[in-house]
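Sequential numbering from 572 applies to the sequence shown in the numbering used here.
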Amino acid sequence: MIRFIFLSVAFQASWCAHAFVSDPRRVIRRAEPKSITRTLMANDHEQDPDRSSGTSVHRRGWMAGVARAAAILPASVPLSPQRAAADAPEPYTVLMEVQIDPRTTGEIEIEVFPEWAPLASERFRELIEARFFDDSRFFRVIPNYVAQFGIASDPALNKEWMFCERSCRALVDEPRLQSNRAGTLSFASSGKNSRQTQIFINLVDNSGLPNFLDSQGFVPFARVTKGFDTVVKKLNSEYGLKESISGGLTGSVNQGKAAYYGKEYLDTVFPNLSAIKWVRII
(Lines of atoms letter the chains of each structure in order from A; the text may use other names.)
(Lines give C-alpha, C1' and ligand atoms only; values in the text may rest on other atoms or scores of the structure.)
Protein backbone atom coordinates (compact mmCIF):
# COMPACT_ATOMS: atom_id res chain seq x y z
CA MET A 572 0.00 0.00 0.00
CA ILE A 573 2.80 2.41 0.92
CA ARG A 574 4.60 1.60 -2.32
CA PHE A 575 1.41 2.23 -4.30
CA ILE A 576 0.96 5.67 -2.69
CA PHE A 577 4.60 6.56 -3.39
CA LEU A 578 4.32 5.56 -7.06
CA SER A 579 1.07 7.50 -7.39
CA VAL A 580 2.61 10.66 -5.94
CA ALA A 581 5.68 10.32 -8.16
CA PHE A 582 3.49 9.88 -11.24
CA GLN A 583 1.43 12.99 -10.44
CA ALA A 584 4.53 15.10 -9.83
CA SER A 585 6.06 13.88 -13.09
CA TRP A 586 2.83 14.69 -14.99
CA CYS A 587 2.70 18.19 -13.51
CA ALA A 588 6.30 18.96 -14.46
CA HIS A 589 5.72 17.58 -17.97
CA ALA A 590 2.57 19.64 -18.37
CA PHE A 591 4.41 22.84 -17.46
CA VAL A 592 7.29 22.17 -19.84
CA SER A 593 5.18 21.09 -22.80
CA ASP A 594 2.29 23.53 -22.37
CA PRO A 595 2.57 26.13 -19.57
CA ARG A 596 -1.06 27.12 -20.04
CA ARG A 597 -2.16 23.77 -18.57
CA VAL A 598 -0.58 24.71 -15.24
CA ILE A 599 -0.40 28.50 -14.97
CA ARG A 600 -2.62 31.35 -16.10
CA ARG A 601 -0.83 34.55 -17.16
CA ALA A 602 -2.07 38.06 -16.40
CA GLU A 603 -0.56 41.52 -16.63
CA PRO A 604 1.75 42.09 -13.63
CA LYS A 605 1.31 44.98 -11.26
CA SER A 606 4.93 45.83 -10.80
CA ILE A 607 8.35 44.98 -12.11
CA THR A 608 11.30 43.42 -10.41
CA ARG A 609 12.36 45.83 -7.72
CA THR A 610 15.89 47.17 -7.69
CA LEU A 611 18.68 47.41 -5.21
CA MET A 612 16.77 48.40 -2.07
CA ALA A 613 13.32 48.31 -3.69
CA ASN A 614 12.36 51.88 -4.34
CA ASP A 615 8.60 51.61 -3.90
CA HIS A 616 5.81 49.21 -3.11
CA GLU A 617 3.10 50.80 -5.22
CA GLN A 618 1.33 48.69 -7.78
CA ASP A 619 -0.64 49.60 -10.86
CA PRO A 620 -4.25 49.73 -9.59
CA ASP A 621 -5.68 48.67 -12.95
CA ARG A 622 -3.77 45.41 -13.24
CA SER A 623 -4.01 42.02 -11.64
CA SER A 624 -1.06 40.19 -10.13
CA GLY A 625 1.63 38.52 -12.22
CA THR A 626 1.31 34.73 -12.44
CA SER A 627 -1.59 32.96 -10.77
CA VAL A 628 -1.47 29.22 -10.25
CA HIS A 629 -4.50 26.91 -10.31
CA ARG A 630 -5.15 25.37 -6.93
CA ARG A 631 -4.35 21.70 -7.30
CA GLY A 632 -3.28 20.90 -3.78
CA TRP A 633 0.37 20.16 -3.28
CA MET A 634 0.81 19.77 -7.06
CA ALA A 635 0.43 23.56 -7.46
CA GLY A 636 3.57 23.94 -5.39
CA VAL A 637 5.48 21.82 -7.90
CA ALA A 638 4.20 24.01 -10.73
CA ARG A 639 5.21 27.20 -8.91
CA ALA A 640 8.69 25.81 -8.31
CA ALA A 641 9.04 25.05 -12.01
CA ALA A 642 7.63 28.45 -12.99
CA ILE A 643 10.34 30.45 -11.22
CA LEU A 644 13.27 28.57 -12.72
CA PRO A 645 15.27 30.87 -15.04
CA ALA A 646 14.81 28.72 -18.12
CA SER A 647 16.48 31.22 -20.44
CA VAL A 648 19.99 30.62 -19.07
CA PRO A 649 21.29 27.20 -20.14
CA LEU A 650 24.82 27.54 -18.77
CA SER A 651 26.02 27.58 -15.20
CA PRO A 652 28.13 30.60 -14.15
CA GLN A 653 31.18 28.34 -13.88
CA ARG A 654 30.74 26.95 -17.41
CA ALA A 655 30.01 30.42 -18.78
CA ALA A 656 33.13 31.82 -17.12
CA ALA A 657 35.27 29.15 -18.77
CA ASP A 658 33.82 30.06 -22.17
CA ALA A 659 33.81 33.84 -21.60
CA PRO A 660 34.63 35.87 -24.74
CA GLU A 661 36.95 38.84 -24.95
CA PRO A 662 36.03 42.21 -23.38
CA TYR A 663 34.00 44.58 -25.55
CA THR A 664 33.40 48.32 -25.55
CA VAL A 665 30.06 50.10 -25.42
CA LEU A 666 29.27 53.73 -26.28
CA MET A 667 26.25 55.45 -24.75
CA GLU A 668 25.01 58.88 -25.82
CA VAL A 669 23.19 60.72 -23.05
CA GLN A 670 20.95 63.78 -22.99
CA ILE A 671 22.00 65.15 -19.62
CA ASP A 672 19.58 68.08 -19.85
CA PRO A 673 17.75 69.81 -22.72
CA ARG A 674 20.89 71.70 -23.76
CA THR A 675 23.67 69.24 -22.89
CA THR A 676 24.63 65.88 -24.34
CA GLY A 677 27.59 63.68 -23.59
CA GLU A 678 29.01 60.22 -24.18
CA ILE A 679 29.79 57.44 -21.75
CA GLU A 680 32.24 54.74 -22.77
CA ILE A 681 31.94 51.42 -20.98
CA GLU A 682 34.31 48.47 -21.01
CA VAL A 683 32.55 45.14 -20.44
CA PHE A 684 34.52 42.22 -18.97
CA PRO A 685 32.88 38.82 -19.51
CA GLU A 686 35.46 37.18 -17.26
CA TRP A 687 34.08 39.23 -14.35
CA ALA A 688 30.50 38.04 -14.85
CA PRO A 689 29.85 36.15 -18.11
CA LEU A 690 26.07 35.88 -17.75
CA ALA A 691 25.63 39.56 -16.93
CA SER A 692 27.96 40.57 -19.78
CA GLU A 693 26.04 38.48 -22.29
CA ARG A 694 22.70 39.83 -21.08
CA PHE A 695 23.99 43.40 -21.46
CA ARG A 696 24.98 42.58 -25.06
CA GLU A 697 21.55 41.07 -25.77
CA LEU A 698 19.75 44.14 -24.42
CA ILE A 699 21.93 46.50 -26.46
CA GLU A 700 21.33 44.51 -29.64
CA ALA A 701 17.58 44.55 -28.91
CA ARG A 702 17.77 48.37 -28.60
CA PHE A 703 16.27 47.99 -25.14
CA PHE A 704 18.05 51.03 -23.69
CA ASP A 705 17.48 53.42 -26.61
CA ASP A 706 15.46 56.48 -25.54
CA SER A 707 15.25 55.18 -21.96
CA ARG A 708 15.88 57.17 -18.78
CA PHE A 709 18.21 57.25 -15.81
CA PHE A 710 15.16 56.87 -13.59
CA ARG A 711 16.95 56.68 -10.25
CA VAL A 712 19.96 58.88 -9.60
CA ILE A 713 21.00 59.23 -5.97
CA PRO A 714 24.10 61.37 -5.35
CA ASN A 715 26.95 59.54 -3.68
CA TYR A 716 25.25 56.23 -4.34
CA VAL A 717 24.04 55.02 -7.76
CA ALA A 718 22.69 56.04 -11.17
CA GLN A 719 20.20 53.45 -12.34
CA PHE A 720 18.70 52.63 -15.75
CA GLY A 721 17.16 49.64 -17.49
CA ILE A 722 13.43 50.29 -17.99
CA ALA A 723 12.64 50.57 -21.70
CA SER A 724 10.65 53.47 -23.10
CA ASP A 725 8.60 50.96 -25.10
CA PRO A 726 6.20 48.98 -22.86
CA ALA A 727 6.30 46.10 -25.34
CA LEU A 728 10.01 45.56 -24.62
CA ASN A 729 9.34 45.63 -20.89
CA LYS A 730 6.62 43.02 -21.28
CA GLU A 731 9.01 40.78 -23.16
CA TRP A 732 12.10 41.17 -20.99
CA MET A 733 10.75 42.08 -17.53
CA PHE A 734 7.27 40.60 -17.27
CA CYS A 735 8.28 37.21 -18.72
CA GLU A 736 5.87 37.55 -21.62
CA ARG A 737 7.58 34.77 -23.59
CA SER A 738 9.74 33.05 -21.00
CA CYS A 739 11.29 34.03 -17.74
CA ARG A 740 14.42 36.00 -18.53
CA ALA A 741 15.90 36.27 -15.05
CA LEU A 742 19.57 35.33 -14.75
CA VAL A 743 20.91 32.84 -12.28
CA ASP A 744 23.30 34.34 -9.75
CA GLU A 745 27.03 34.20 -10.41
CA PRO A 746 30.00 34.75 -8.09
CA ARG A 747 31.25 38.27 -7.50
CA LEU A 748 34.84 38.66 -8.67
CA GLN A 749 35.11 42.47 -8.49
CA SER A 750 34.01 45.09 -5.95
CA ASN A 751 31.30 47.72 -6.45
CA ARG A 752 33.76 50.57 -6.70
CA ALA A 753 33.09 53.94 -8.30
CA GLY A 754 32.42 53.63 -12.02
CA THR A 755 31.56 49.93 -12.07
CA LEU A 756 28.24 48.62 -13.40
CA SER A 757 26.15 45.88 -11.79
CA PHE A 758 22.71 44.43 -12.43
CA ALA A 759 20.07 45.29 -9.87
CA SER A 760 18.11 42.45 -8.30
CA SER A 761 15.30 41.75 -5.89
CA GLY A 762 16.66 38.53 -4.44
CA LYS A 763 18.09 35.22 -5.57
CA ASN A 764 18.28 34.63 -9.35
CA SER A 765 16.31 37.79 -10.18
CA ARG A 766 18.58 39.91 -12.41
CA GLN A 767 16.76 41.00 -15.56
CA THR A 768 17.32 44.40 -17.22
CA GLN A 769 17.99 47.05 -14.59
CA ILE A 770 21.58 48.19 -14.15
CA PHE A 771 23.23 50.73 -11.89
CA ILE A 772 26.48 52.65 -12.09
CA ASN A 773 28.23 53.02 -8.76
CA LEU A 774 28.82 56.74 -8.21
CA VAL A 775 31.14 56.08 -5.27
CA ASP A 776 32.85 53.10 -3.70
CA ASN A 777 29.83 51.09 -2.51
CA SER A 778 31.76 47.95 -1.68
CA GLY A 779 31.71 48.56 2.06
CA LEU A 780 30.45 51.24 4.43
CA PRO A 781 27.79 52.57 4.36
CA ASN A 782 26.03 50.63 1.58
CA PHE A 783 27.75 47.22 1.62
CA LEU A 784 26.75 46.27 -1.94
CA ASP A 785 29.48 43.63 -2.14
CA SER A 786 28.11 41.67 0.79
CA GLN A 787 24.61 41.92 -0.68
CA GLY A 788 25.69 40.00 -3.75
CA PHE A 789 25.68 42.68 -6.48
CA VAL A 790 28.10 41.56 -9.18
CA PRO A 791 30.04 44.11 -11.27
CA PHE A 792 30.48 43.17 -14.93
CA ALA A 793 31.77 46.42 -16.49
CA ARG A 794 33.23 49.83 -15.73
CA VAL A 795 33.01 53.33 -17.13
CA THR A 796 36.23 54.24 -18.91
CA LYS A 797 35.23 57.67 -20.27
CA GLY A 798 32.64 60.23 -19.22
CA PHE A 799 32.36 59.38 -15.55
CA ASP A 800 33.08 62.90 -14.27
CA THR A 801 31.73 64.81 -17.28
CA VAL A 802 28.49 62.85 -17.82
CA VAL A 803 27.66 60.27 -15.16
CA LYS A 804 28.19 62.63 -12.23
CA LYS A 805 26.13 65.32 -13.96
CA LEU A 806 22.98 63.21 -14.44
CA ASN A 807 19.80 64.82 -13.12
CA SER A 808 19.18 63.68 -9.54
CA GLU A 809 16.20 65.89 -8.65
CA TYR A 810 13.86 62.89 -8.60
CA GLY A 811 16.26 60.63 -6.80
CA LEU A 812 14.89 60.71 -3.30
CA LYS A 813 11.63 61.09 -1.47
CA GLU A 814 10.44 60.23 2.02
CA SER A 815 8.62 56.91 2.17
CA ILE A 816 5.65 56.07 4.38
CA SER A 817 7.97 54.29 6.78
CA GLY A 818 10.12 57.40 7.13
CA GLY A 819 13.08 56.21 5.06
CA LEU A 820 14.29 57.52 1.72
CA THR A 821 13.35 55.86 -1.54
CA GLY A 822 13.28 56.60 -5.26
CA SER A 823 10.53 58.85 -6.62
CA VAL A 824 9.79 57.01 -9.87
CA ASN A 825 7.20 54.26 -9.58
CA GLN A 826 9.01 51.52 -11.46
CA GLY A 827 5.88 49.47 -12.08
CA LYS A 828 4.19 52.39 -13.84
CA ALA A 829 7.39 53.24 -15.69
CA ALA A 830 7.56 49.72 -17.08
CA TYR A 831 3.86 49.44 -17.88
CA TYR A 832 3.31 52.88 -19.42
CA GLY A 833 6.88 53.51 -20.60
CA LYS A 834 7.97 56.88 -21.93
CA GLU A 835 4.49 58.39 -21.61
CA TYR A 836 4.54 58.10 -17.81
CA LEU A 837 8.13 59.26 -17.38
CA ASP A 838 7.91 62.27 -19.70
CA THR A 839 4.65 63.41 -18.13
CA VAL A 840 5.53 63.06 -14.46
CA PHE A 841 9.34 63.32 -14.55
CA PRO A 842 10.15 65.44 -17.60
CA ASN A 843 13.66 66.39 -16.53
CA LEU A 844 15.15 62.92 -16.22
CA SER A 845 18.45 62.48 -18.05
CA ALA A 846 17.86 60.30 -21.11
CA ILE A 847 19.87 57.62 -22.88
CA LYS A 848 19.62 58.47 -26.58
CA TRP A 849 21.23 55.27 -27.81
CA VAL A 850 23.67 52.53 -26.82
CA ARG A 851 25.94 50.66 -29.26
CA ILE A 852 28.76 48.16 -29.17
CA ILE A 853 31.82 49.63 -30.86
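We put the beta carbon where it would ideally sit given N, CA and C, even for glycine.
Under a 10 Å Cβ-count criterion, residue 755 is classified as buried, with 16 or more other Cβ atoms of the shown protein chains found around its own Cβ. When the Cα atoms are used, residue 793 and residue 766 turn out to be separated by approximately 15 Å.
The Cβ atoms of residue 728 and residue 691 do not sit closer than 9 Å to each other. Annotation for residue 837: the continuous alpha helix (DSSP H) segment containing it runs 834-840. Counted as a single uninterrupted DSSP element, the alpha helix (DSSP H) harbouring residue 727 occupies residues 726-732.
Residue 757 and residue 746 have their C-alpha atoms roughly 12 Å apart. When DSSP states are grouped into helix, strand and coil, residue 757 belongs to the strand group.
As a beta-bridge residue in DSSP terms, residue 664 pairs with 682. Straight through space, the alpha carbons of residue 749 and residue 662 are spaced by roughly 15 Å.
Spanning the alpha carbons of residue 850 and residue 667 requires a straight line of approximately 4 Å. Residue 812 holds the alpha-carbon nearest to the alpha-carbon of residue 713 among 812, 831, 834 and 853. Put simply, of 751, 782, 707 and 673 the residue whose alpha carbon is nearest the alpha carbon of residue 790 is 751. Judged by DSSP in its simplified three-state form, residue 740 adopts coil rather than helix or strand.
In this structure, the beta-carbon distance from residue 844 to residue 709 falls below 9 Å. Counting along the chain, the unbroken alpha helix (DSSP H) around residue 695 starts and ends at 689-700. For residue 771 against residue 810, the beta-carbon gap comes to about 15 Å, at or over 8 Å, which does not count as contact. One thing to note: residue 802 has its Cβ within 9 Å of the Cβ of residue 671. Note on geometry: alpha-carbon atoms of residue 683 and residue 660 lie some 10 Å from one another.
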